[in-house]
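Asks: Numbering (UniProt numbering), first residue to last: 1 to 201. Note that CB positions come from ideal geometry on N, CA and C, so glycine has one too. Input: one structure, supplied below.
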């Protein structure tokens, strides 16, 4: 079970269908800490299952775990109340990092989805910092701006902590920032987080 590999919960309840999951949610109620929902379950009806869970446990964060990463589907999921979206291919450390973000009350969007979605609609000068970031640097900056530590970023992006440090140093230099806080609160970081901010608004 995916959650057992994270070590974040004392008990994990796995159900093979949406109906069984809803029954468990009704029984556990507000003591339920988090729901990982596969929208591909036979009786889940795509995002219909998300709506049904929110009717039963409206205050419990729900993270979708899916085999695809279609941006329009992800947008719709957040619009309907999902708190996170994690690809099924994610490792246990990446899942743990995503859950940490959601349990802090934030939204989690896969780094490889958010930066491209945030940059694509915006016309920026070719010499602007956001345009000069490599895709991987953008990934790191997004998670840095979300408050993740180097180890959490490494887990989420499945890279070594030393590689993260190299990216962070390059980002600081490119942005002219003196420290992580300046980089995380920079205009460039806010551009990359624009998609997430609009969802929260």
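According to DSSP, residue 107 sits in a beta bridge with which residue or residues?
Replies: Answer by DSSP bridge pairing: none, since residue 107 is not bridged.
Asks: Helix, strand or coil, according to DSSP, for residue 48 in the structure here?
Replies: Of the three classes helix, strand and coil, the one that applies to residue 48 here is helix, per DSSP.
Asks: Between the region 75-83 and the region 42-50, do three or more beta carbon pairs fall short of 8 Å?
Replies: The region 75-83 is in contact with the region 42-50.
Asks: With DSSP as the reference, label residue 169 as helix, strand or coil.
Replies: Note: residue 169 maps to helix in three-state DSSP.
Asks: Tell me the DSSP secondary structure of residue 162 in three-state form.
Replies: DSSP places residue 162 in helix when its eight states are reduced to three.
Asks: Quick check on residue 65: does DSSP put it in helix, strand or coil?
Replies: Residue 65: strand per DSSP, three-state reduction.
Asks: Using only the alpha-carbon positions, how far apart do residue 66 and residue 171 sit?
Replies: The straight-line gap from Cα to Cα measures roughly 31 Å.
Asks: Going by the CB atoms, is the gap between residue 164 and residue 174 shorter than 9 Å?
Replies: Their beta carbons are not under 9 Å apart, which means residue 174 does not touch residue 164 by this criterion.
Asks: For residue 60, tell me which candidate among 167, 149, 12, 102 has the shortest Cα-Cα distance.
Replies: Here the closest residue by C-alpha is 102.
Asks: Between the Cα of residue 37 and those of 55, 63, 144, 22, spot the shortest distance and give me the residue it belongs to.
Replies: Checked all of 55, 63, 144, 22; the closest Cα to residue 37 is 63.
Asks: Give me whichever residues DSSP pairs with residue 36 in a beta bridge.
Replies: Bridge partners of residue 36: 63.
Asks: Between residue 57 and residue 20, is the Cβ-Cβ spacing less than 9 Å?
Replies: Not closer than 9 Å, so no.
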